[in-house]
Amino acid sequence: MRILVRALAIIGAAGLAGIAYSWTRPVMLRAPEREPAPRGTSTTPHDASPDTPSDNQPAADQTDEHRPGDPGDAPSPPDLGPVVPVDPDSLGTRISLQEARYLHTLIDSGEVVFLDARGHEGDYEAGHIAGALHLTIDMIDNDQGQVMGFSPNYFLVSVMPRGTRYVIYCNGGECDESVNLNIRLFDRGVEVTHIMTDGYPHWKDAGLPVATGPEPGP
Amino acid sequence: MKRLLRAGWWWLLLCRTTVAAFFGLAAYSKLVPPNASQRFLEGVKAFKILPDHLVIAAANTIPWAEAICALLLLLGAWTRAAALVIAALLGSFLYGLLTVINRADGSVSECSCFGDFIKICDGPPGTCHLVLDGALLCLALVVLLFGPGRLSVDHLCASRKPPEGVDYVREVVRQEGRPI
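Chains as they are written, first to last, in my numbering: chain A, -13 to 204; chain B, 296 to 475.
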């Protein structure tokens, strides 16, 4: 009987320790992965980001209005209109193509850094938002070069400038890679981050600045 | 049997420390490296044997239970209780492994059992994991049945505690194998 009581006490202590620990390192269940909606259907960027203001991107909606019967037709760049300035501090975590487009104009000033979170090998080299850096979840969590279980990039994230605004993107849709990278950065104290929910394909289709090749060295 | 155990008390010490080492490393790998907690949670979720809210509770509790039990087993304090918790954990792990192996849908790509430090069994859950967990369960049961042995905090406390009451006498007789 005493053994059973002590065993329950151990489990109780473990539960309390787990609760306390989860405050410092919260864990969360991810939504099940969903296949990205096929292009050329009725899916619009608003479907991917329901919290996006609808009056911000009337032309971006037209991007996906391709007729399924014209697979060979190259999509014509939509007219997004002039860049609309927004107050960066008023932006939520998820931002639209238009908002990301405005933030992109601030790259040269160093206020904003775009992070390409796509983990598939070769995606970044094949094309990325101009000026974006490549930082994937695997780069932080990989097992290569680990010291006592910590990867070198883990420490890199720790010294990322905190005054900078980070815009993370992947391939749009559910954008799991962006969300996970955002969680990891937040865990490491990088709080001012945005996820461009429309993803790189929409950015490219909209005719916005892109670049190819590997990330430039320091 | 008692005489054998008295003569070879280091046997119990070996069982204790082996189980403690496995679970200590398992707890470390589930708690300390970056994103380890999240990965363990996803590993538990992939087994699909618990509802979501229990997945989170299990992912938060199991590593700490492993850590506490490993420490207690190493010290030999509350040894039988720690061995009971470890045995219960291993029993649930075995149930999960058998469920996944029987389901055979390939949804679990790795076991997430002992983290990155113990690479005895790699890959998806299989016979190797069952054997490893079964062997550890046997060791935990040995500790549960025969106690911590002489080199332990439990033994130290028991030998210093003045006899009081019939229960205590019975306990000492059971641990020492002889009347005091």
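We treat Cβ as the ideally placed atom computed from N, Cα and C, and that holds for glycine.
This one's a predicted model, so the numbers in the text were calculated from it and none came from an experiment.
Query	Result
When you compare the CB of B/I415 with every CB in chain A, is at least one pair closer than 8 Å?	no
How about B/N397: is its C-beta nearer than 8 Å to some C-beta of chain A?	no
Is A/P54 helix, strand or coil when you go by DSSP?	Confidence at A/P54 is low in this model, with a pLDDT of 37, below 50, so its placement is unreliable and the value that follows should be read with caution. Residue state, collapsed to three classes: coil.
Closest Cβ-Cβ distance between A/S8 and chain B: below 8 Å?	yes
Can you check whether the C-beta of B/L432 is within less than 8 Å of a C-beta belonging to chain A?	no
Is there at least one non-hydrogen atom of the ligand ATP closer than 7 Å to the beta-carbon of A/E201?	With respect to the ligand ATP, the structure offers nothing, as it holds no ligand at all.
For a contact defined as C-beta to C-beta under 7 Å, what are the partners of A/A127 on chain B?	Rather than Ala, the amino acid found at residue 127 of chain A in this sequence is Asp. Those within 7 Å of A/D127 in chain B are P329, N330.
So for A/T122, helix, strand or coil by DSSP?	coil
Output the distance between the C-alpha atoms of B/L379 and A/L(-10), rounded to the nearest integer angstrom.	8 Å
Taking DSSP's pairing of strands, which residues face A/R80 in a bridge?	A/I181
In or out: B/S454 buried (at least 16 other Cβ within 10 Å) or exposed?	exposed
Since A/A3 meets chain B, which of its residues come closer than 7 Å, beta carbon to beta carbon?	W359
Do the CB positions of B/A372 and B/D449 come within less than 8 Å of each other?	yes
Just how far apart, CA to CA, sit A/I(-4) and B/G418?	31 Å
From the beta carbon of A/A(-1), is the nearest beta carbon of chain B less than 8 Å away?	yes
Any beta-carbon of chain A closer than 8 Å to the one on B/I363?	yes
When the Cα of A/M146 is compared with those of A/D162, A/A116, A/V178, which residue comes out closest?	A/V178
Within the chosen definition, does the stretch 192 to 199 of chain A reach the stretch 166 to 173 of chain A through at least 3 CB pairs nearer than 8 Å?	no
On the DSSP letters alone, give me the boundaries of the alpha helix (DSSP H) that A/I(-3) sits inside.	-12 to 10
Kindly say whether A/P18, judged by its beta-carbon, lies nearer than 8 Å to any beta-carbon of chain B.	No answer about A/P18 holds up, because its pLDDT of 42 lies below 50 and its placement is not dependable.
If we cut at 8 Å on Cβ distances, does B/L349 have a partner in chain A?	no
Taking all protein chains shown into account, decide if A/T79 is buried (16 or more other Cβ within 10 angstroms of its Cβ) or exposed.	exposed
Please identify the residue among B/L370, B/F441, B/C416 whose C-alpha is closest to the C-alpha of B/S447.	B/L370
Report yes if the CB atom of B/L385 is closer than 8 Å to the CB atom of B/D428, and no otherwise.	yes
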